[in-house]
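Read top to bottom, the protein sequences are chains A and B. So the first sequence is residues 125 to 184, counted in the working numbering. So the second sequence is residues 2 to 323, counted in the working numbering. All C-beta atoms in this analysis are idealised placements derived from N, C-alpha and C, irrespective of residue type, glycine included. Since this is a predicted model, take the numbers as computed values, not measurements. Here is the structure we will look at, set down as structure tokens.
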Amino acid sequence: MTRRKFVQKVIKAGSAIIVGVWWLAKKTAPRKFVWAVKTRKYPGPLKPLRNIPKQSKWSG
Amino acid sequence: MCIIEPGQSGECRVRINVDGVLQTVVYGFPCSIHIDPIEKKPLFHFLPGTGILSIATVGCNLHCRNCQNWEISQANPEDTEALYPASEQLGKWWPPERLIKWTKRYGCPSLAYTYTDPIIFYEYTYDTAKLARAEGIRSVLVTAGYINREPWERLLEVVDAANIDLKGITNDFYVRICSGTLKPVQDALVLARASGILVEVTNLIIPTLNDRPEDIRELSRWVKMNLGSETPLHFSGFYPQYKMRHLPRTSLKMLEMAREIAMSEGLHYVYIGNVRSKEGENTYCPDCKSLLIERSGYTILQNHLKDGHCPDCGREIYGVWK
Chain A
125 MTRRKFVQKV IKAGSAIIVG VWWLAKKTAP RKFVWAVKTR KYPGPLKPLR
175 NIPKQSKWSG
Chain B
2 MCIIEPGQSG ECRVRINVDG VLQTVVYGFP CSIHIDPIEK KPLFHFLPGT
52 GILSIATVGC NLHCRNCQNW EISQANPEDT EALYPASEQL GKWWPPERLI
102 KWTKRYGCPS LAYTYTDPII FYEYTYDTAK LARAEGIRSV LVTAGYINRE
152 PWERLLEVVD AANIDLKGIT NDFYVRICSG TLKPVQDALV LARASGILVE
202 VTNLIIPTLN DRPEDIRELS RWVKMNLGSE TPLHFSGFYP QYKMRHLPRT
252 SLKMLEMARE IAMSEGLHYV YIGNVRSKEG ENTYCPDCKS LLIERSGYTI
302 LQNHLKDGHC PDCGREIYGV WK
């Protein structure tokens, strides 16, 4: 192996490692803004809505 | 930041990490749908005297020990009933299209995302507000403003007004009482005001916790310096709830004192809420002091505004009036 080829291999391997580490860090780092997927299935009980014009008892 | 491990839900209880995919279990499943007077939000400078279709899902990203809606904000979706439209056969949920349809059916010019916090049903709020705008319906957020910058900026693009809580003026208050921090809320307030939507601010005064005159003065100064003297500020009365049942209600005297302090600091529109007050519910012209809107509770008794201006001196009044 020539010296030139050896240096090229080292550069390639180093680049692959850097890209891999960057990709892994990006994938595992917590994200501040994640768009959640809707499930279309509510985990709790459902009941029919009655009397929508009635003012809410809740604050706000 | 809320870090959610696989199989776990977040602080809000309604956003779940399922094998690396974040899912929202409340999209389309409100636990409360009502038509309220818009003054109840409270919004005093946005379409006064109109009804507003108001929705909430279960959950919240804060855990205020004094929460007035704790039965739905601090509950699990598994234990809380969601509503479905009894008269429609199109499925037991409320897609944004159906909410808009019902808002129009009841003649409401606007839709509020309220009671708990629209931030935890963010995707539902965003999709509905975007569609509402296209259909000529305005959207109102009633929120604690505890959100990161990027999603907040995106949400502000599709809404028209917000009432944002500023629960206290010290970080210690947010940490001890709300399980949150102050800075994100202040940032959200500044961003909202800068975005051009109508912003009103609410401060709930809790006896012994945030009722010191110096705190109220500092809060008022912060509002004036960062949001402007035109920003309406509501001082709301506390009543014993949730984990704060041992504290007394806020007195009218206390609320009137807070209003006086805020006005002496240069805020033009300062209101009193949750307690009946003779003058604290009315809007006056900041220049000539004429009575512009007289209210009693959530009812408008008189509205003298002319195209958003004082009828006596012609001063423009901050707000969305039609």
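For this session: Would you be able to state if there are at least three C-beta pairs under 8 Å between the stretch 15-32 of chain B and the stretch 160-170 of chain A?
Result: yes
Exercise. Is the CB-CB distance between B/Arg66 and B/Lys244 below 7 Å?
Worked result: As a first step, residue 66 of chain B must be located in the second sequence, where it is residue number 65. As a first step, residue 244 of chain B must be located in the second sequence, where it is residue number 243. Closer than 7 Å, so yes.
Problem set entry | B/Thr25 (DSSP reduced to helix, strand or coil) | Here residue 25 of chain B corresponds to residue number 24 of the second sequence, with the count starting at 1. DSSP places B/Thr25 in strand when its eight states are reduced to three.
For this session: Can you pull the chain A residues whose beta carbon is under 7 Å from the beta carbon of B/Val276, in chain order?
Result: Locating residue 276 of chain B in the second sequence gives position 275, counting from the first residue. The contacting residues do not exist; B/Val276 stays about 13 Å from chain A at best.
For this session: Kindly list, in the order they appear in chain A, the residues whose Cβ is closer than 7 Å to that of B/Arg16.
Result: For the purposes of this step, residue 16 of chain B is taken as the residue at position 15 of the second sequence. Under the 7 Å cutoff, chain A gives Ala160.
For this session: Tell me, please, which residues DSSP counts as bridged to B/Ser10.
Result: Numbered from 1 along the second sequence, position 9 holds the residue referred to as residue 10 of chain B. DSSP, once it has assigned bridges, lists B/Ile17 as partnering B/Ser10.
Problem set entry | Of the listed residues B/Cys3, B/Val59 and B/Ile301, nearest to B/Ala76 (C-alpha basis) | Reading the second sequence from its first residue, position 75 is the one you call residue 76 of chain B. Cα-wise, what sits closest to B/Ala76 is B/Val59.
Exercise. Any idea which residues DSSP pairs B/His235 with across the strands?
Worked result: Position 234 of the second sequence, counted from the first residue, corresponds to residue 235 of chain B. B/His235 pairs with B/Thr203 and B/Tyr272.
Problem set entry | Alpha-carbon to alpha-carbon, B/Lys131 and B/Gln303 | Translated into positions along the second sequence, residue 303 of chain B becomes position 302. Translated into positions along the second sequence, residue 131 of chain B becomes position 130. One C-alpha to the other measures close to 33 Å.
For this session: For the beta strand (DSSP E) containing B/Glu295, list its first residue and its last residue.
Result: By 1-based counting over the second sequence, the position of residue 295 of chain B is 294. Per DSSP, B/Glu295 belongs to the beta strand (DSSP E) from Leu292 to Ser297.
Exercise. In three-state terms, what does DSSP make of A/Val157?
Worked result: As a first step, residue 157 of chain A must be located in the first sequence, where it is residue number 33. Here residue 157 of chain A is Phe; the residue named in the question, Val, does not match the sequence. In the structure shown, A/Phe157 sits in coil (DSSP, three-state: anything other than H, G, I, E or B).
Exercise. Cβ of B/Gly238 within 7 Å of Cβ of B/Thr251?
Worked result: As a working mapping, residue 238 of chain B is identified with position 237 in the second sequence. As a working mapping, residue 251 of chain B is identified with position 250 in the second sequence. Contact flag set, yes.
Exercise. Can you name the start and end residues of the alpha helix (DSSP H) that A/Gly138 belongs to?
Worked result: Reading the first sequence from its first residue, position 14 is the one you call residue 138 of chain A. Taken as a continuous stretch (DSSP letters only), the alpha helix (DSSP H) holding A/Gly138 covers Arg127 to Thr152.
Problem set entry | Ordered list of beta strand (DSSP E) runs contained in the stretch 146-191 of chain B, each at least 3 residues | 162-166
Exercise. Residues of chain A with CB under 8 Å from B/Gly298, in chain order?
Worked result: Locating residue 298 of chain B in the second sequence gives position 297, where the first residue counts as 1. The premise fails here: B/Gly298 is roughly 11 Å from chain A at the closest Cβ pair, so nothing lies under 8 Å.
For this session: Please state whether DSSP places B/Tyr285 in a helix, a strand or coil.
Result: The count along the second sequence starts at 1 and reaches residue 285 of chain B at position 284. In the structure shown, B/Tyr285 sits in a strand (DSSP, three-state: E or B).
Problem set entry | Between the CA atoms of B/Ser221 and B/Cys181 - distance to the nearest angstrom | Along the second sequence, one-based indexing puts residue 181 of chain B at 180. Along the second sequence, one-based indexing puts residue 221 of chain B at 220. First, the amino acid is wrong: residue 181 of chain B is Gly here, not Cys. Taking the straight line joining both Cα atoms gives about 21 Å.
Exercise. By Cβ distance, which residues of its chain are closer than 8 Å to B/Cys109, with the 5 residues on each side in sequence left out?
Worked result: The residue given as residue 109 of chain B occupies position 108 in the second sequence. These residues qualify, in order along the chain: Ile36, Thr51, Gly52, Ile53, Leu54 and Ile138.
Exercise. Span of the beta strand (DSSP E) holding B/Ser55?
Worked result: As a working note, residue 55 of chain B is residue 54 in the second sequence. First-last of the beta strand (DSSP E) with B/Ser55: Gly52 to Ala57.
Exercise. When you check each C-beta in the stretch 138-156 of chain A against every C-beta of chain B, which residues fall closer than 7 Å?
Worked result: Pro154 and Lys156
Exercise. Using the rule of at least 16 other Cβ atoms within 10 Å of the residue's Cβ for burial, across every protein chain shown, is B/Thr300 buried or exposed?
Worked result: Taking the first residue of the second sequence as 1, we reach residue 300 of chain B at position 299. When all chains shown are included, B/Thr300 counts as exposed.
Exercise. Roughly how many angstroms lie between the CA atoms of A/Lys150 and B/Ile5, to the nearest whole one?
Worked result: By one-based count along the first sequence, residue 150 of chain A stands at place 26. By one-based count along the second sequence, residue 5 of chain B stands at place 4. About 16 Å.
For this session: For chain A, find out if any of its Cβ atoms is closer than 7 Å to the Cβ of B/Phe236; answer yes or no.
Result: Within the second sequence, numbered from 1, the residue matching residue 236 of chain B stands at position 235. Not closer than 7 Å to any Cβ of chain A, the Cβ of B/Phe236 fails to qualify, so no.
For this session: Taking only the alpha-carbon atoms, compute the straight-line gap between B/Thr171 and B/Ile207 and give it to the nearest angstrom.
Result: Here residue 171 of chain B corresponds to residue number 170 of the second sequence, with the count starting at 1. Here residue 207 of chain B corresponds to residue number 206 of the second sequence, with the count starting at 1. Their Cα atoms are separated by approximately 14 Å.
Exercise. So, helix, strand or coil for B/Ala76, using DSSP?
Worked result: The count along the second sequence starts at 1 and reaches residue 76 of chain B at position 75. Residue state, collapsed to three classes: coil.
For this session: Could you work out which residues of chain A lie near B/Pro86, taking near to mean beta carbons separated by less than 7 Å?
Result: Residue mapping note: residue 86 of chain B aligns to position 85 of the second sequence, counting from 1. Going along chain A in sequence order, the residues near B/Pro86 (Cβ under 7 Å) are Leu173.
Exercise. What does B/Glu295 touch in chain A if you count any residue whose Cβ is under 7 Å from its own?
Worked result: In the second sequence, counting from the first residue as 1, residue 295 of chain B sits at position 294. Simply none; closest approach about 21 Å.
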